[in-house]
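Residue numbers (full-length UniProt numbering): 1 to 909.
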């Protein structure tokens, strides 16, 4: 878009101003926009007041204290262009200043979307928090995130791309209308290089930027950034005075270290540093020389140790060192360069990996390796801190023992209110808790030192450990989620889950990798006979892939590898054949693998429980035959179909006379037909006995759950706080599901309208991964469909925020049934008339029939293959209800409780 926009907001007004620029220059300006934001958050109330009155330092907006640097091109545009009002709005309701800053930009985007499609625009603001969340697309503030979410339709629907820049408040022209001032006139005429850039000639612009150290290649710190040396004279006489006019002196510390300010008195001497006086130019960070130096450091050895550092390391036994290459050091090992410190190293998996892959020595300290390595020894602690201060270590790792910090300790010795230890615990546990507190304090002092000095570190403990709740960890935020790497160890192929937190300042900070489901976990309880120790002890050893992850992250923090530019990555392809197939040519046929035909004989087309029941029925039939016939006769019995059917008919009469169940005869006959398929065409006489048995003893279907009773149970469950239970009941009833399918489902199986990004949709789906009828031609994976519009908001509130791997109902089927019975007790339903959880499916079918849904739709929703089966079921039960058998007082109670169903559906969850 051939315009440049500036935005600002105050407590009374919001504004966006615009200036016309040629189209080629607008495209060029996109190269000089922010590409990575800082950590955005809402300001404290005190800082909000300071910002609204123009007294907040820019450095205080960002948690790190490092403000954004004003780009000289944006500053020049604000000084040279005539801006006009583009958007102005009064603030009608008092809001947070950051919300107002972001809100005006998003309002401007919506206005832009009404007039343009697929357009890029350039906008600058003086709010670092707003720019950070716009560039990153997210924020640590939920309020800012909600604004960003509401802006997505305009952004995605119109294809708008924003390029953002930072401009100081004093230079921001958009500040004038928000302060009830006229828009200022340009303070300087456009220079020649800017006029040439307006006409598409950018050579002079590139020279101007290189002289100020803002060439795009140098700013990006690319290894092939050539560029010329920065002119100290141009910086001192041109750019720095412009910055001083619009920014606080504290903002210019980066430049003042090379060009002392007049206020400090250093300018009077006029004597530059030795390097500047020698070369006449200054190489800023990111220039070609610094990149080449960084490459040499990253590919070469770590910094050498001083004599004092070497003397300190001589006091440690050589057996505690891993020498470069991954083996324990010999007696003649003498470290010459910096290494890595591994505290509480245990099996030393990370230490061994670092020394083997990166060729650095690692000092390991753990009490299990010898009594001289007790980290509660004050002398050892002092020696380690002296080594840190002397620069012996380039990185530090630690995995302190979590024994007394674990939530698994019973009885509990710590809690959230008493993280240092609960009162009244035994003397033995008091001693253990005190030792744990001393370990925690020492490791915190090490981490605090590393954080202050910029030394990469990581500290591991279980995610629920009380270590992270100790006041000094909480106040420093060193163990917070944003400063930690959280993961489940099953993601690293461990048989247990063991959710773990690693406090770190490496690039792993803020990453979360939790279990994705689909497998079983080893419970860390009891003892392992294979390892002859407790399971918690077994789980202390890190998986190899986790050792690699931690070791690589730590060494990336020590020295960033300068790698060759990934051309394929720039093109967003997975291979170097950009624009074509990764393996061109015809597809090679995979070699045929021979298979054993006997393997098909072991494949069962029925559920394991059904197969076990059929096997049991065949065993009973065999026992009945052996009591009457010889073994030779039994072996030849099934060779003659007429004789076999006659014997089976006699066995059927035996079962009827013995008082057995009809389903046992059914299972027996089906099992015989599976084992002897040639008998199938001759089995009609035996199945005739089954039909006669059905007429003599009609089948009793499960009574369906009445709608009134369903609503009453739902209300009581909600009032008791069983939201997941009530949501599971609602899901089964409205979805016409078997209750076992609901109890086996996880969040990633449930597809809500929010998951489809369809706010107006009135349908939800539940995937059934192991349906009962998957062997009957009804689909190996099936789904439920919930169309009741009033139920969907409740399901969204209960299940919407669940982690995808969590079950919809977190407890067992036994707990579900216990709560079911408890609710029926509260409603005083007699035992003879009580439905079971299996009645939910029938109740949902009857409700759909009474709502007027066609039989074909109900058949599809119930996933049935036979319409006569459904028709006979509805004919028998649709006109029947157990409510007719209840006492009037019980029915009246159900009516009163069920009347709260709409209220619970809307307000709870």
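Note that the Cβ used here is the ideal one computed from N, Cα and C, for glycine as well.
Asked	Found
Beta-bridge pairing of residue 513 - partner residues as DSSP gives them	487
Residue 346 beta carbon less than 8 Å from that of residue 540	yes
Assumed close pair residue 704, residue 842 - CB separation to whole angstroms, cut-off 8 Å	3 Å
Residue 186 in three-state terms, based on DSSP	coil
Residue 833 versus residue 887: straight-line alpha-carbon distance, rounded	11 Å
Alpha helix (DSSP H) runs contained entirely in the stretch 392-465, provided each spans 4 or more residues	427-453
Residue 13 - partner residues in DSSP beta bridges	90
Secondary structure of residue 291, DSSP reduced to three states	Because residue 291 sits at a pLDDT of 34, beneath the cut-off of 50, its placement in the model cannot be relied upon, and the following sentence gives the value as read from the coordinates. Residue state, collapsed to three classes: helix.
Residue 323 versus residue 551: straight-line alpha-carbon distance, rounded	16 Å
For residue 14 and residue 7, the rounded distance between their alpha carbons	8 Å
Residues sharing a beta bridge with residue 162, DSSP	121
N-terminal and C-terminal residue of the beta strand (DSSP E) that residue 785 is part of	782-786
Three-state class that DSSP yields for residue 95 in the structure shown	coil
Within 8 Å, strictly: CB atoms of residue 983 and residue 651	Since the first and last residues shown for the chain are 1 and 909, residue 983 lies out of range.
Proximity below 8 Å, CB of residue 369 to CB of residue 400	no
Buried/exposed call for residue 533, threshold 16 Cβ in 10 Å	exposed
Classification of residue 885 by the beta-carbon crowding that lies within 10 angstroms, buried from 16 upward	exposed
Of the listed residues 130, 99, 16, nearest to residue 83 (C-alpha basis)	16
Segment contact flag, the stretch 803-813 with the stretch 507-516, C-beta cutoff 8 Å, min 3 pairs	yes
7 Å CB neighbourhood of residue 824 in its chain, flanking five on each side removed	834
Sheet register partners of residue 7 (DSSP bridge)	16, 125
Stretch-stretch touch, CB-based, cutoff 8 Å, three pairs: the stretch 753-769 with the stretch 782-796	yes
Residue 498, DSSP secondary structure in three states	coil
Limits of the alpha helix (DSSP H) - the one that residue 845 falls within	839-850
Beta-carbon proximity check, residue 353 vs residue 547, cutoff 8 Å	yes
Enclosing alpha helix (DSSP H) for residue 321 [first to last residue]	It is not in any alpha helix (DSSP H) - residue 321 instead sits in the beta strand (DSSP E) that spans 321-323.
Distance between beta carbons of residue 163 and residue 30, contact taken as under 8 Å	5 Å
Cβ-based neighbour list, residue 856, same chain, cut-off 8 Å, excluding 5 preceding and 5 following	867
Residues that residue 337 bridges to, as DSSP identifies them	304
Validate contact between the stretch 668-687 and the stretch 626-643 using beta carbons, cut 8 Å, 3 pairs	yes
For residue 729 and residue 717, believed in contact at Cβ under 8 Å, the rounded distance	7 Å
Selection from 411, 384, 342, 893 that minimises the alpha carbon distance to residue 428	411
Residue burial classification, residue 852 (beta-carbon count within 10 angstroms, cutoff 16)	exposed
Residue 363 versus residue 137 - alpha carbon distance	42 Å
At least three beta-carbon pairs within less than 8 Å, the stretch 99-108 to the stretch 120-136	yes
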